[in-house]
Structure formats: structure tokens, C-alpha cells
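J.:
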Amino acid sequence: MSWTDNAKVVGFVSAFGAATLMGFVGFFARHINAQGDVIAFSRMMFGAILFFFILMRLGRLSDLKKYKLSPSMIASGFFMGTCLSAYVAATQHTSIANAVFFIYVGPIISSLLAIIFLKEPLKPITLFAISAVFVGMLLIVGLVKFTPGGIEVGISFSKETFFGDMLALASGVGYGLFLFFGRYRTDVPGDVRSFWNFVFAVGGICMLFIFTNPSVAQMTATDWVWWIAIGIVCGFGALSLCTIATRNLLAVEFACVSYWECVVASIIGILIFNEPLSMAQSIGGLLIILGGVSEMGLGLVNNLKNRHKAKVVTP
């Protein structure tokens, strides 16, 4: 990667921004007394509404007709909505560790699909990065712990949590498919693509409402304020940046950066909720940071070397 490639710079910056804002999901969700799909609906609805008004303000509503819909655009939005809704629902029926593990299999799935079907390359530095961030995720969410007797693996399954585990698995597969289908139709502008993503995500969540039958009767005025806030910050903000990132990065490149969300969530837990951080979690966070910036750092180094060589050969 050359850092003279503006698309790559935009992609990495957008990916880090998206992962940062996604890390605030838990912070907002803790202040909302509602089911997970109700919270997910806010994130999708506000994204669709705000992008509609942005396009209208810019006089570009005609672009919604100019760029024809395709199956990949519909699928990307549908899986975006259903995977996030399934994830939050999974946290109510299984352990948080299991839910996080399964949804973060998603970036690995998208990377494999992109390598197989889109023929995206897998460079050694990228393989190192994706391995580092995945191991870091296992450490930071507590699935792997250091004990006096050795290493303890915390993931567990039982009949009681089977339904929640299947929801979590569905969220991971959905997340991977969302990222994979996001690699298609890179000709569509980011704001147009984001609008359709949010629209079809809303449709996917509404289909789930048929089975979950959610209620908002228990929500207070304070709950609604937080519900609106998560829609704007973690919906409109995070997921629109995610759409921009998937247009400009290879699937595996985005996957490496997406795990930064785990670090942000941990920092919020420490600073706001006074949650402890173990040595294993600290190492996990460092691995995620190392993996997330390794490819960017290598690209910067190579760019500086190329500039230096160019100066040397210039008479």
C-alpha cells in the first residue's frame, strides 16, 4: 500500500473512526431499558433519515435513482441490520464472552470470502495483523486468561445457552456477509450506499420484530433520549464510516482495524464504569493496536523509502 493512495488513507481513517464509535455501543445501551432489537432499530432508522436529509440538502436525491440497486447492496444492508440485532439479543441468552467471540468471527469470514470470490490478496503483513488482532480479542474479552497453572480458555457451551449461542453465531455470519457484500458496487458514492444500507437494515430488523414482539412501554423520557443518541452516534456515525471504509479497503484490511472496537469498549469500561483490567486484557489490547496499525505503518515506511530513493536518483 502506498500512502499516496488517498483512497487507502480515507479507508483506514474511516475504519478507525467506525470502530471507535462502535466501541460506545455498550456505554449507550446501559442507559436504555429496551430490547436489543429496539436499540438496533434506532441505529438504522436515524442513519436512513439523516442520510436522506443530507442528500436532499445537497440536491442529490436524484442519485438514488442514478445508481441502480443491486442484490449486493440489498444484502449488505439486510445483513447489517439483522447481525447487530441478533448480537444484542444473543447477549441476553448467553455469556457476553460467547456473544463477542462469535460476532468477531465475522471479519474473518468476510476476509476468507473476499480472498476466495473477489481474489483479494493476502500479504504476510496482513496475515500477521489479522492473527494478532484476533488473539488480542480473545484476551481482551476474557476468553483466554493467564492462570498460575497455565492458560485457561473461558468459552463454554451448554444446553441452557444453546439458543443464545446460535443467535451469536448468526450475528457473526451476518457481520461477515455485511462486510463481504460491502466490497461490491464500489462505484456508488458513500452517502448513497449508506442510505440504502440503512433502509434495508431497517427492513431486516422489522422482519425480526415479527418473532421478538418487542415492547417500548417500559421506556422513560431518559431512555428515549439515550435511544436517540445511540442512533446518531453508533448508527449514523459509526455505520456510515463503516460503509466508507469497506469501499476503500480490502476485506482483511478492514477486519484488522475493526477489532479496535474492543479496545475502545475496554477503555470506556475502565474510565467510566471503573471496571478492572487484567494483565491478559492489557496484552490483548496491545496486540489489537499492533495488528491494527501494522499494515498502515509498513505502508508509511515503504512510502518514505520510495521517496528517499527518488531523491537519490534525481540528478
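Our numbering puts the first residue of the sequence shown at 404, with every later residue one more than the last.
Yeah, the Cβ is synthetic: ideal placement off N, Cα and C, and Gly gets one too.
Note that the structure is predicted; figures quoted are calculated from it, not measured.
May I ask you to verify whether the region 504-524 touches the region 616-625, counting CB pairs closer than 8 Å and requiring at least 3?
T.: Contact between the region 504-524 and the region 616-625 is absent, because fewer than three Cβ pairs lie under 8 Å.
J.: Can you tell me where the beta strand (DSSP E) holding Thr625 begins and where it ends?
T.: Per DSSP, Thr625 belongs to no beta strand (DSSP E); it is in the alpha helix (DSSP H), Ala624 to Ile633.
J.: Quick one: give me the first and last residue of the alpha helix (DSSP H) that Val413 is part of.
T.: That run of the alpha helix (DSSP H) goes Asn409 to Met425.
J.: Using the Cα positions of Glu698 and Ala532, report the straight-line distance between them to the nearest angstrom.
T.: Looking at the two C-alpha atoms, the distance is approximately 7 Å.
J.: Closer than 6 Å by C-beta to His434: which residues in its own chain qualify, once you throw out the five before and the five after it? Chain order, please.
T.: Cβ within range, chain order: Trp629.
J.: Cutting at 7 Å between CB atoms, please list the residues of its own chain near Leu525, excluding the five before and the five after it.
T.: Correct list, in chain order: Ile518 and Val655.
J.: What's the call for Ala410, buried or exposed, on a 16-neighbour Cβ count within 10 Å?
T.: Exposed, since its Cβ has fewer than 16 Cβ neighbours within 10 Å.
J.: Using the DSSP secondary-structure output, state which residues sit across from Thr564 in a beta bridge.
T.: Answer is none; Thr564 lacks a bridge partner.
J.: Does the distance from the C-beta atom of Val605 to that of Met447 stay below 8 Å?
T.: Result yes, Cβ atoms of Val605 and Met447 sit closer than 8 Å.
J.: Once DSSP output is grouped into helix, strand and coil, what is the label at Thr494?
T.: Thr494 falls in the coil class under three-state DSSP.
J.: Measuring straight from C-alpha to C-alpha, what distance separates Gly638 and Ser445?
T.: Cα to Cα, Gly638 sits roughly 7 Å from Ser445.
J.: Where does Ile554 fall in DSSP's three states?
T.: Three-state DSSP puts Ile554 in a strand.
J.: Which term fits Ala624, buried or exposed, when burial requires 16 or more other beta carbons within 10 angstroms of its beta carbon?
T.: Ala624 comes out exposed.
J.: Can you confirm whether Leu611, when its beta carbon is compared against all beta carbons of chain D, has any partner nearer than 8 Å?
T.: The question asks about chain D, but that chain is absent: this structure has only one protein chain.
J.: Does the distance from the C-beta atom of Gly539 to that of Ile691 stay below 8 Å?
T.: The answer is yes: Cβ separation under 8 Å.
J.: Identify every residue that forms a DSSP beta bridge with Phe549.
T.: According to DSSP, Phe549 bridges with Ile554.
J.: Buried or exposed: which applies to Phe504, given that a residue is buried once 16 or more other Cβ atoms fall within 10 Å of its Cβ?
T.: Buried, by the Cβ-count rule.
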